[in-house]
Structure formats: C-alpha cells, structure tokens
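Peer 1: Next up is a structure, given as structure tokens.
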Amino acid sequence: MVLDNLGKPWYESLSSCTIIVLRRTVSKIQERIIVVRLILAARSRGLIQPNQCGSLAGLSTYDACLTLMNDVKTLQRPRLKVSSLFLDIKAGFDNVDNPTLARILREGGIHHNLVSWVASFLGERSCTLVFQGAPGTPPPVKVGAPQGSPISPFLFFIYVAPLHFWIPRGLMLSSVDDFALTATSLSYRENIRRLQELVRTIQARAVCLGISFSVLKTELIHCRTPSQRDSQLCL
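Put into structure tokens, the structure is as follows:
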C-alpha cells in the first residue's frame, strides 16, 4: 500500500510516499522457523562476521555503538588520532540478488535444502501496489528481499557479510546496512588518506554484490580526547 506523505510539493518521486508492506501471517510462521535454522547454520560455518550487528539477538545497534566507543578509546591511548567514516547502503533490501545470495550460501556450506528454500522464497515473486485504495497490476519482482518478512533482515545480513575485511590499526563495524570504518595514525590527514583507500576497497566489493552507498548519508567524524579538544584541529 502506497501512502502520500503530507506536505510534499509533488508526488512523482517515491521519496514523497510511504510504502506499507502487507504480507500473509501464515507464511511468516514458516519464515520464522527457517530463519532460526539458518542462523544456527550460518554461525557454525562462519558466514557471519564478528563485527556485524543487528538482526541477531544480543547484537543490536546499541552493541555496535559500545564496541565503537570502546575501540576508539583504546586506539587513542597511545596518543594517536582516530577518525571514523560512516556509510549507508542505498536501498539495501531491494538490491539482494537471488543467484548471488544462493552462491554465498552454497560456498559457505549451507545445506542444499536451505539454499533451495531461500532461492524459492526470493524467486518468482510479484508485488501489487495499491494507490489511493485502487490495486494495480502485480508486476514480477526479480531482485530484492521482501520488506516485513522475518527472514529478510538476516538474508541481507549474510548478503553483505563479504563487505567486511580486517583493517590494520583500525576497525570495521556494521549494523545491518550501516557501516563504520575507523582509521588511526599520527594525523587526521593521514586518517583521511587511509579512509579513502578503505572506501575504494569496500566499494569494489559492493559492486560485485550489485549494491552501492548513499553519498548524502556519508559522514566523517574526527574523534578527539579532552586534551585534543583544547588544541586546534590540525589535519
């Protein structure tokens, strides 16, 4: 169902509307059972990265924030400069590619029955958009994970796990579709250079998955201790 957001000058863009996804309750029961099995299998086979948070019990956005704060303070102790770059995946769930996800699951050692179920769940779908109470013709949906499904967040969780890599003298964290890259050195200028290299690496991996990052939601933060705040910010 597509609802118009009040106060917009025009409604030709999807950003001027709110989409509410309505799905059958019975199917959600089966999806909840499958996601429990898939979580256990993915954990045992290392398909989940240690610094991934969200969509899992005990690994919320709050845990990601605490981890980032703790690591920043640890990196600052040798009087190093710490900088963090925050990235947001553009339309994350909508860009999950079914064959690519199936390949990730197969290569990760997930049982073929679970892989087949996921491929069937994401394949041969259609979506009916309801504008002003009038339903339109249901077009086929060839890519993406359905919103409102219990299993979709975890499927996306596995899908973006290959974006993670180890950062020497730094840290990479993610919470579902939000990523944080942290670099440390003797100067903020060097941090910026290192972060630029890290962005090129993660963007190259994202291209292989058919996803990209939103430029408008990208933020850079230079972390400073109380003693560093007293001095002028020097790049």
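The working numbering numbers the first residue of the sequence shown as 42 and each following residue consecutively.
Each residue gets a CB set at the ideal place from its N, CA and C atoms; glycine is no exception.
In this text, all values refer to a predicted model and were calculated from it rather than measured experimentally.
Can you list, in chain order, the residues of its chain with a C-beta nearer than 7 Å to that of residue 186? Leave out the 5 residues immediately preceding and following it.
Peer 2: Locating residue 186 in the sequence shown gives position 145, counting from the first residue. 134, 137, 163, 193, 196, 197.
Peer 1: Please name the residue, chosen from 104, 226, 254, that lies closest to residue 122 on a Cα-to-Cα basis.
Peer 2: Mapped onto the sequence shown, residue 122 falls at position 81. Closest by alpha carbon: 226.
Peer 1: Taking only beta-carbon atoms, is residue 121 less than 8 Å away from chain B?
Peer 2: Note that chain B does not occur in the displayed structure, where there is just one protein chain.
Peer 1: Grab me the residues of residue 93's own chain with a C-beta within less than 6 Å of its C-beta, minus the 5 sequence neighbours each way, in chain order.
Peer 2: What you label residue 93 is simply residue 52 of the sequence shown in a count that begins at 1. Only 215 meet the Cβ criterion.
Peer 1: From which residue to which residue does the alpha helix (DSSP H) around residue 248 run?
Peer 2: Walking along the sequence shown from the start, residue 248 turns up at place 207. Its alpha helix (DSSP H) spans residues 229-250.
Peer 1: Under the rule that 16 or more other beta-carbon atoms within 10 Å means buried, what is residue 223, buried or exposed?
Peer 2: Position 182 of the sequence shown, counted from the first residue, corresponds to residue 223. It counts as buried.
Peer 1: Can you round the beta-carbon distance between residue 191 and residue 73 to whole angstroms, since I take them to be within the 8 Å contact cut?
Peer 2: For the purposes of this step, residue 191 is taken as the residue at position 150 of the sequence shown. For the purposes of this step, residue 73 is taken as the residue at position 32 of the sequence shown. Confirmed, about 5 Å.
Peer 1: Kindly identify the DSSP beta-bridge partner or partners of residue 213.
Peer 2: One-based indexing of the sequence shown puts residue 213 at position 172. Answer is 222.
Peer 1: Please say whether residue 78 and residue 155 have beta carbons closer to each other than 8 Å?
Peer 2: Working through the sequence shown from its first residue, we reach residue 155 at position 114. Working through the sequence shown from its first residue, we reach residue 78 at position 37. Against a cut-off of 8 Å, the Cβ pair of residue 78 and residue 155 comes out as a contact.
Peer 1: Tell me the DSSP secondary structure of residue 151 in three-state form.
Peer 2: Within the sequence shown, numbered from 1, the residue matching residue 151 stands at position 110. Residue 151 falls in the coil class under three-state DSSP.
Peer 1: Should residue 243 and residue 204 be called a contact, given that it needs their Cβ atoms to be closer than 8 Å?
Peer 2: In the sequence shown, residue 243 corresponds to position 202, counting from 1. In the sequence shown, residue 204 corresponds to position 163, counting from 1. Cβ distance < 8 Å, so residue 243 and residue 204 count as in contact.
Peer 1: Please specify which runs of the beta strand (DSSP E), each continuous and at least 3 residues long, are wholly inside the segment 103-148, giving them in chain order.
Peer 2: List check, beta strand (DSSP E) in window: 122-129.
Peer 1: Mind checking whether residue 89 and residue 160 have CB atoms under 8 Å apart?
Peer 2: Mapped onto the sequence shown, residue 89 falls at position 48. Mapped onto the sequence shown, residue 160 falls at position 119. No, the Cβ-Cβ distance between residue 89 and residue 160 is not below 8 Å.
Peer 1: Put residue 71 into one of helix, strand or coil per three-state DSSP.
Peer 2: The count along the sequence shown starts at 1 and reaches residue 71 at position 30. Three-state result, residue 71: helix.
Peer 1: Between the alpha carbons of residue 145 and residue 50, how many angstroms are there, rounded?
Peer 2: The residue you call residue 145 lines up with position 104 of the sequence shown. The residue you call residue 50 lines up with position 9 of the sequence shown. So the alpha carbons of these two residues sit roughly 43 Å apart.
Peer 1: So is residue 232 buried or exposed if we call it buried at 16+ other beta carbons inside 10 Å?
Peer 2: Here residue 232 is taken as the residue at index 191 of the sequence shown, counted from 1. Buried, by the Cβ-count rule.
Peer 1: Can you give me the start and stop residues for the beta strand (DSSP E) that residue 261 sits inside?
Peer 2: Counting from 1 along the sequence shown, the entry for residue 261 is found at position 220. Unbroken beta strand (DSSP E) run through residue 261: 260-264.
Peer 1: If you follow the alpha helix (DSSP H) that residue 196 is in, where does it begin and where does it stop?
Peer 2: Reading the sequence shown from its first residue, position 155 is the one you call residue 196. Unbroken alpha helix (DSSP H) run through residue 196: 193-200.
Peer 1: How about residue 129 and residue 254: do their beta carbons lie closer than 8 Å?
Peer 2: Taking the first residue of the sequence shown as 1, we reach residue 129 at position 88. Taking the first residue of the sequence shown as 1, we reach residue 254 at position 213. The answer is yes: Cβ separation under 8 Å.
Peer 1: On the premise that residue 261 lies in contact with residue 57, defined as a C-beta separation below 8 Å, what is that separation, rounded to the nearest angstrom?
Peer 2: If you number the sequence shown from 1, residue 57 lands on position 16. If you number the sequence shown from 1, residue 261 lands on position 220. No, residue 57 and residue 261 are not in contact; Cβ-Cβ is about 29 Å, not under 8 Å.
Peer 1: Quick one: residues in its chain with C-beta nearer than 8 Å to the C-beta of residue 259, no 5 flanking neighbours on either side, listed in chain order?
Peer 2: Start at 1 with the first residue of the sequence shown, and residue 259 comes out as number 218. Excluding residues within five positions, the ones whose Cβ falls inside 8 Å are 126, 127, 128, 129.
Peer 1: Exposed or buried, which one is residue 45 when buried takes at least 16 other CB atoms within 10 Å?
Peer 2: As a working note, residue 45 is residue 4 in the sequence shown. Exposed, because fewer than 16 other Cβ atoms sit within 10 Å of the Cβ of residue 45.
Peer 1: Figure out for me which residue from 70, 101, 152 has the closest Cα to the Cα of residue 218.
Peer 2: As a working mapping, residue 218 is identified with position 177 in the sequence shown. Selected option, being the one with the closest Cα: 101.
Peer 1: Are the beta-carbon atoms of residue 221 and residue 109 separated by less than 8 Å?
Peer 2: Here residue 221 corresponds to residue number 180 of the sequence shown, with the count starting at 1. Here residue 109 corresponds to residue number 68 of the sequence shown, with the count starting at 1. Taking 8 Å as the Cβ cut-off, residue 221 and residue 109 qualify as a contacting pair.
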